[in-house]
Every structure is written in C-alpha cells, then in structure tokens.
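Chains as they are written, first to last, in this note's numbering: chain A, 23 to 149; chain B, -9 to 103.
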C-alpha cells in the first residue's frame, strides 16, 4: 500500500509541475507573440490544460469528499467558459481590425462585404 | 488514499524534528516550485497587461491572469493543508468569466485603439 501512495505522489508531482510549466508557457507566449490572435491561441490552451493538471495534482491533498467535487466543478467551468471567451475576444479583435495576417478569411467574405459577388451562402474556399 | 495528508498526519503524530525525509520534503519542494512557476507566469502576464497595445491584449491577459490566480490559490491551500476556501475558486472563476464577457460584449467595434 505504501508503493501505491508513492505512485500517487509521483503522479501528483508530475501533474503539478506540468501545470506550472504550462502556465509559464502561457505567460511567455502572451509576452512574446506579436498579434492578438496568436496571443489568444497561446493563452487559452495552457489556461485550460494547466488548470486541469493543477487540479489533478492538488486533489490528493484534499482527501476524499466534497472538495474533489468542487475541483471537478472548477475544471468543468473552465472547460465551458474558455472557448466562449476566446471566440468572443477573437471576433471583437477582428472587427476592430487588429487581426491582419490571415491566409483564409472566411469571415470577411461572409459578413463584412454584403455586396461581394461571393454571396453569403457560398461554400468556404478550399484550403 | 490521501497520501499527502497521511504524510502530514504522520509528521504531526510521531516525529517532530524530521518529519518524513523523502516524501514530505519532496512534495513541499514540488509545491514550492509550482508556486514559483505560477508567480513567474503571473508576472509575465502582468507585463503584457501593462504594455498591451490594444484593449484586446489586455482582456486576454486579464482572463489568463484569473486562471493563474485560481491555480495559485489551489497550490497555496494545498501547501497550508487547509481546504476551507475552496468554494471561493468557483466564485473567482465565475466573476472572471463574466467580467471578460461583458467587457467584450459592451465594447464598440472600431473606435478603440
């Protein structure tokens, strides 16, 4: 039974360190990347996965009971809300004109140019 | 089942000067390193928050900073071994999400820098 708890400790330590490294990666990407879209991309994924790993690493410290349910709730909430925030911030930044370096711009052909000859119901361009 | 808590109880119960020389010290070190990583990430995010040229950069930085704060509260309460304020995490997550959402939704589209 002691080796089982040791394995649990090693897993928790790995999860904690990975979560911390992902958070540091989010900070570095947010500081170093050049654009709103790239910063959003760098910030959102470590935000979700890092919090999930830290919750998993912290869970053995809380023992059994209702606290683990609260941790699962925090992770579920973050999983639900992070894409919403990322999509809304990205759309708002696009409308404000801060996203420029796009290869394929489906949003412009569908919404911002209603008199374009590619109408609103044309299929998206092939990649 | 809860190995870290059992390590703490063992430390409290029988020996008082050298608790559990391998496991307790190792987990304390891991928690301290995680705290340091989170603090560094928060510092970098705060630099972006102060420097960010557009308001969207600041919004992304704030939303990420809320997550860093939640992670830091988790690690800190694990270091202290108390779990009384874990309900606050849900409130912090909810308030951060709603603030970012309302800031994005109420922002005008073109005029802001």
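Glycine is no exception: its CB is placed at the ideal position from the N, C-alpha and C atoms.
Neighbour flag for residue i against chain B, beta carbons, 8 Å
i: residue 65(A); result: yes
i: residue 31(A); result: yes
i: residue 78(A); result: no
i: residue 138(A); result: In this prediction, residue 138(A) scores a pLDDT of 47, lower than 50, which makes its location untrustworthy; the coordinate-derived value is nonetheless stated afterwards. With 8 Å as the cut-off, residue 138(A) does not count as an interface residue toward chain B.
i: residue 60(A); result: no
i: residue 101(A); result: no
i: residue 35(A); result: yes
i: residue 111(A); result: yes
i: residue 71(A); result: no
Supposed contact pair residue j and residue i - C-beta distance, whole angstroms, cut 8 Å
i: residue 24(B); j: residue 42(A); result: 4 Å
i: residue 28(B); j: residue 58(B); result: 6 Å
i: residue 79(B); j: residue 96(A); result: 5 Å
i: residue 92(A); j: residue 76(B); result: 5 Å
i: residue 44(A); j: residue 75(A); result: 7 Å
i: residue 35(A); j: residue 97(B); result: 42 Å between Cβ atoms; not a contact.
i: residue 151(A); j: residue 121(A); result: The requested residue 151(A) is not part of the displayed model; chain A covers only 23 to 149.
Minimum Cβ-Cβ distance from residue i to chain A less than 8 Å
i: residue 48(B); result: no
i: residue 54(B); result: yes
i: residue 22(B); result: no
i: residue 89(B); result: no
i: residue 92(B); result: no
Reference residue i; option with closest CA among the options
i: residue 41(B); options: 81(A), 52(A), 97(A), 93(A); result: 52(A)
i: residue 66(A); options: 54(A), 106(A), 90(A), 40(A); result: 106(A)
i: residue 114(A); options: 16(B), 38(B), 50(B), 34(B); result: 50(B)
i: residue 34(B); options: 45(B), 54(B), 17(B), 16(B); result: 54(B)
### Query
Which ranges would you report for the alpha helix (DSSP H) in the region 39 to 94 of chain A if only whole runs of at least 4 residues count?
58 to 84, all fully within the region 39 to 94 of chain A.
### Query
Considering only residues of the region 48 to 103 of chain B, which uninterrupted alpha helix (DSSP H) runs meet the minimum length of 4 residues and lie entirely inside it, listed in chain order?
77 to 95
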